[in-house]
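Trainee: All letters in the sequence shown, in the order written, are residues 1229 to 2183 by the numbering used here. Note that the Cβ used here is the ideal one computed from N, Cα and C, for glycine as well.
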Amino acid sequence: MTTATRDPAGLTARLAELAPGLRVEAGPGATGAYAYDASNYRVPPRAVVFPRTADDVVAVLRACREAGVPVTARGGGTSMAGNAVGPGAVLDFSRYMNRILDIDPQARTARVEAGVVLDALRGATALHGLDFGPDPSSHSRCTLGGMIGNDACGNRSVRDGRTSGHVVALEIVTADGVRAVADHAGLHPVDPADVELVARLEADLKRLVEENLAPIRTELGRIPRQVSGYQLHHLLPENGFGVARALVGTEGTCAVVTAATVRLVATAQASTLLTLGYDDVVEAAEDVPEILRFAPSAVEGMDEAIVATMRARRGADSVTGLPEGRAWLYVELEGDDQSVVDSRAAELLDALKAQGRLTGGRIVESPAERRSLWRVREDGAGLAARLVDGGESWPGWEDAAVAPEDLAGYLRDFRKLLVSHQLTGVLYGHFGAGCVHVRIDFDTATDTGRTAMRRFVTEAAALVVEHGGTLSGEHGDGRARSELLQVMYSHRMIAAFAAFKKVFDPDGLLNPGVIIDPAPLDSDFALRELPLLDTTFGFPHDEDGFVGAVRRCVGVGRCRSDAGGVMCPSYRATGEENDSTRGRARMLQEMVRGEAVTDGWRSTEVRDALDLCLSCKACSSDCPVGVDMATYKAEFLHQHYKGRLRPRSHYSLGWLPLTSALAGFVARPVNLVLRGPVGKLLARLGGVTTRRRIPAFTSRRALRRTLRAAKPSGPAKAILFVDSFTRAFRPQVAGAASRVLADAGIPCTPQDGLCCGLTWVSTGQLSTARRIMARTVAALDNGDERPIIVAEPSCAAALRRDVPELLGTEAAQRVADRVRTFTGALTDLADQHWTPPPLPENVVLQTHCHEYATFKGHRPADLLRRLGVRAVDEAEGCCGLAGNFGFEAQHYDTSIAVADLALKPRLDELGGRPVVADGFSCATQIDHLAGDRGIRARHLAELLDPAADQPGETT
1229 MTTATRDPAG LTARLAELAP GLRVEAGPGA TGAYAYDASN YRVPPRAVVF
1279 PRTADDVVAV LRACREAGVP VTARGGGTSM AGNAVGPGAV LDFSRYMNRI
1329 LDIDPQARTA RVEAGVVLDA LRGATALHGL DFGPDPSSHS RCTLGGMIGN
1379 DACGNRSVRD GRTSGHVVAL EIVTADGVRA VADHAGLHPV DPADVELVAR
1429 LEADLKRLVE ENLAPIRTEL GRIPRQVSGY QLHHLLPENG FGVARALVGT
1479 EGTCAVVTAA TVRLVATAQA STLLTLGYDD VVEAAEDVPE ILRFAPSAVE
1529 GMDEAIVATM RARRGADSVT GLPEGRAWLY VELEGDDQSV VDSRAAELLD
1579 ALKAQGRLTG GRIVESPAER RSLWRVREDG AGLAARLVDG GESWPGWEDA
1629 AVAPEDLAGY LRDFRKLLVS HQLTGVLYGH FGAGCVHVRI DFDTATDTGR
1679 TAMRRFVTEA AALVVEHGGT LSGEHGDGRA RSELLQVMYS HRMIAAFAAF
1729 KKVFDPDGLL NPGVIIDPAP LDSDFALREL PLLDTTFGFP HDEDGFVGAV
1779 RRCVGVGRCR SDAGGVMCPS YRATGEENDS TRGRARMLQE MVRGEAVTDG
1829 WRSTEVRDAL DLCLSCKACS SDCPVGVDMA TYKAEFLHQH YKGRLRPRSH
1879 YSLGWLPLTS ALAGFVARPV NLVLRGPVGK LLARLGGVTT RRRIPAFTSR
1929 RALRRTLRAA KPSGPAKAIL FVDSFTRAFR PQVAGAASRV LADAGIPCTP
1979 QDGLCCGLTW VSTGQLSTAR RIMARTVAAL DNGDERPIIV AEPSCAAALR
2029 RDVPELLGTE AAQRVADRVR TFTGALTDLA DQHWTPPPLP ENVVLQTHCH
2079 EYATFKGHRP ADLLRRLGVR AVDEAEGCCG LAGNFGFEAQ HYDTSIAVAD
2129 LALKPRLDEL GGRPVVADGF SCATQIDHLA GDRGIRARHL AELLDPAADQ
2179 PGETT
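1. What do you get for residue 2061, buried or exposed, if any count of 16 or more other CB atoms within 10 angstroms of its CB means buried?
2. Give the single residue among 1994, 1537, 2044 and 1544 whose Cα lies nearest to the Cα of residue 2006.
3. Output the distance between the C-alpha atoms of residue 1394 and residue 1491, rounded to the nearest integer angstrom.
4. Please list, in chain order, all residues of the same chain as residue 1836 whose beta carbon is under 7 Å from its beta carbon, the five residues on each side excluded.
5. On a CA-only basis, which of 1764, 1565 and 1508 is nearest residue 1998? Give me that one, please.
6. Excluding the 5 residues preceding and the 5 following residue 1884 in the sequence, name in chain order all residues of the same chain whose CB lies nearer than 6 Å to its CB.
7. So, residue 1391 versus residue 1404, is the Cβ gap smaller than 8 Å?
8. At which residues does the beta strand (DSSP E) containing residue 1319 begin and terminate?
9. Count the other CB atoms, across all protein chains shown, that sit within 10 Å of the CB of residue 1939; report buried if there are 16 or more and exposed otherwise.
10. May I have the straight-line CA-CA distance separating residue 1600 from residue 1549, to the nearest angstrom?
11. What's the C-alpha gap between residue 1711 and residue 2148?
12. What would DSSP say about residue 1527, mapped onto helix, strand or coil?
13. Could you give the distance in angstroms between the alpha-carbon of residue 1666 and the alpha-carbon of residue 1655?
14. Relative to the alpha-carbon of residue 1311, which residue among 1298, 1275, 1246 and 1377 has its alpha-carbon at the smallest distance?
15. Closest to residue 2191 by CA distance: which of 1270, 1288 and 1320 is it?
16. I need the DSSP call for residue 1841, collapsed to helix, strand or coil.
17. Which full runs of the beta strand (DSSP E) of 3+ residues lie inside the stretch 1987 to 2065, going along the chain?
18. Looking at C-alpha atoms only, which residue of 1981, 1964, 2018 and 2151 is the closest neighbour of residue 2171?
19. At which residues does the alpha helix (DSSP H) containing residue 1847 begin and terminate?
20. Which residue comes first and which comes last in the beta strand (DSSP E) that contains residue 1499?
21. Got a sec? Which residues, its chain only, sit under 6 Å from residue 1770 by beta carbon, not counting five neighbours each side?
22. Look at the alpha carbon of residue 2054 and the alpha carbon of residue 1367, and state the distance between them as a whole number of angstroms.
23. Excluding sequence positions up to five away, which residues of its chain have a Cβ less than 8 Å from the Cβ of residue 1348?
24. Take residue 2180 and list the residues in its own chain whose beta-carbon comes closer than 7 Å to its own, dropping the five residues that flank it on each side.
25. Rounded to whole angstroms, what's the CA-CA distance from residue 2153 to residue 1509? Just pull it up for me.
26. Whose C-alpha, out of 1374, 1359, 1480 and 1593, is nearest the C-alpha of residue 1495?
27. Measuring only between beta-carbons, confirm whether residue 1842 sits less than 8 Å from chain C.
28. Roughly how many angstroms lie between the CA atoms of residue 1970 and residue 2010, to the nearest whole one?
29. Per DSSP, what are the beta-bridge partners of residue 1589 in this structure?
30. Using only the alpha-carbon positions, how far apart do residue 2163 and residue 2101 sit?
31. For a quick check, are the C-beta atoms of residue 1402 and residue 1474 less than 8 Å apart?
32. Leaving out five residues before and five after residue 1761 in sequence, what residues of the same chain have Cβ atoms less than 8 Å from its Cβ?
33. Could you tell me whether the Cβ atoms of residue 1530 and residue 1607 are closer together than 8 Å?
34. I think residue 1407 touches residue 1419, with their Cβ atoms under 8 Å apart; what is that distance to the nearest whole Å?
35. Going by alpha carbons, who is nearest to residue 1993 out of 1867, 1890, 1948 and 1958?
36. Taking the C-alpha atoms as reference points, what is the distance between residue 1633 and residue 1346?
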């Protein structure tokens, strides 16, 4: 059950009439995720519309105008100012209007729809040696439409400036449904029937400019990052009446952009990166003017809190290449000749050393180190949101900018202001352009906290204006700062802004509450005080338990990326917001809030949002704020089905460790039955897909034979934990692991008969999981301090993370601390003189998602390279099977779609290379995809087995 929302049936019916086939969704399950962006705000929409064409947009605007329904255009939903949420119809351009329409290498232009993701455009233009200059840190998921809405900049804005400087023309739809093209010389109708209407628009704009020449010339365009308000100076006679550039940065309040023609830049032929250390960010800012003399392409700053959080979340080696310091600058230099660029870099470093502020500096030559360092900076907003000490910080005053030469003075005074309000801010940003991003530990959940925040941002606005700066440097004003525009601009300028909007949107239906007639900056906050929930998992890293855990998602949207890392496989397969980590987290936030979703743990909307989560755990590592959707899903399923009948697959697959142990006593007849018609019937009855072959069970006799052979002849230095999957389906892996570990100087004694409880966790049967885990911990925590080596990565991850978080005992933590993956054991414990058998020069690798997420710094790819494999072609992403997920009948298609993203292409281009996959799920998926071609995945232990006849073979 859910509370009734405003019935959009009339609007939906009218849209169906105007645009047959247009996708329109309403209700909490469909719209809950769209109530949020990456800001502090929550504004539930009446409906979400997914246009496919400009004509669809025309239909929506006409229908909404008739009904008096507001319209908000949305791209990637990564706005930190609240520009992408609205109370009426939200248009999601990212789902379907995401086509690159044309690239003209000679003219150096591209024509794209509004929903095109920046990285998609950059990937396409790179084939021609071209790029789109502005590059926000959200480049992997932000859309061109969103960038146009905010006048976005990015890390290289020192060189490339703002989006407005790269826009040639905009294809727009006005509030009354008229299509037009805005360019550097005015407005042009798409439909000849609209000539007179568009001419009137032009005339009104020219009259507006003529009546406000003085304030436009004196108040606008003063500093490079002055994004606040409307950029009316582009309409001045001396600027050629550039309507397109004037519409950039209007945040969807004046017209809806459906497509754009943008200017491209040549890709630099040579570049280098310097990392510079300082005692604090003010010292770093003092050096910016000197750095700018060397014409850098980027000058980015950040403080120590972001780096510490990155290292804690992804491992110490996730940040390398930084000199000593508590704050850092990245300085990138580019050019046509690498030797010249290197010379400039050395000269710059010498000049800065002479200034005397550096605590250290170096030129970063390794491409891998450069990528690592840029990722730290690009994840700044998320890393700063939930720090390693558990502290939370929020946007609201995250985008102020001043002239670069005034940056140090502004930062000095700004930090004093923070101290005076007893607030703490995490600073980072585009120091070379004078733009400072800061997340502050505001309390927006209580009346007292909201009052304190209002007082602070009001004083901060006065401070930045005193320094000749702007409230916003690239994020836009949105709901966060529009109310403060009166601090920055004269009454006459504010009136001119209002008149500009009225020319395009006389009824005020486009993104209301933003820039003009602004909503109070402290209204519609998403956070509020909520009662804590009783849960089975302890959520030890979140002060408010489950409520605090789901609050981790702040909307930065890295889970919507199509490449880089593993998160989020289901979103990459479906492209749906509700199938992203962010979408699921927002639905869980709606659940704990209890307004739109009122039935709590019993919510079918939340259950459906979680349905396609593969429980891969990649988000726990890839998400900058450390969302762990696999754990949240397990807790939800546990509570949702408590005392009720569960899906059949929860019994057939969740209880697999028990049934597989029983099957081992009669493995041969069981396997014969499962291969025939009865097997398909049993699969259907168990909710298991019949489109996969069920793996053959191993007999107890074969298992005992393998384990006897695995016992060391002398003292054992470690325990080899024989997990349920290895025991039931591939005991040869235990044998190979035992031989490899012994050969590497780590003789092990096998430990059979215990279980990590993973299958019960992933199906949300947490009471049973706890009993299984408690038994395992009692057996292992017996005073033995030897490492526990687990060949199956998912079971190792469960022992390392799920067991202590579910049991919450010191004994569980002691066991968890001893757990190693097979890769981790060889990395940390192998004899330094150990030499493995000859290995192939090239392998294809599928790393298990749980290993990727949980055991940072112990990657199989790194070990393979260290052991002598020259080329490791890693399928970056989830295999798609993900334990029980890919065996469940309703998930089969999604499972294969996920495999198609990275794994299957590697298998299709294998060329005789061996395939390494330690995870049983990964190996099973590989067998399903390519077993008919004789391709079988090998565990790393099998590849390294000294008893194998040749590399990659096992006895």
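Mentor: The answer reads as follows:
1. exposed
2. 2044
3. 5 Å
4. 1257
5. 1764
6. 1987
7. no
8. 1317 to 1320
9. exposed
10. 9 Å
11. 56 Å
12. strand
13. 5 Å
14. 1377
15. Limits of the chain in this structure are 1229 at one end and 2183 at the other, which puts residue 2191 out of reach.
16. coil
17. 2016 to 2018 and 2047 to 2049
18. 1964
19. 1847 to 1850
20. 1498 to 1506
21. 1776 and 1777
22. 37 Å
23. 1326, 1328 and 1790
24. Low per-residue confidence applies at residue 2180: pLDDT is 44, beneath 50, and the placement is therefore not dependable, though the value from the model is reported in the following sentence. If we look at residue 2180 and ignore the five residues flanking it on each side, its Cβ neighbours are 2068, 2142, 2166 and 2171.
25. 49 Å
26. 1359
27. No chain C appears in this structure, which consists of one protein chain only.
28. 23 Å
29. 1504
30. 16 Å
31. no
32. 1773, 1774, 1775 and 1820
33. no
34. 6 Å
35. 1867
36. 30 Å
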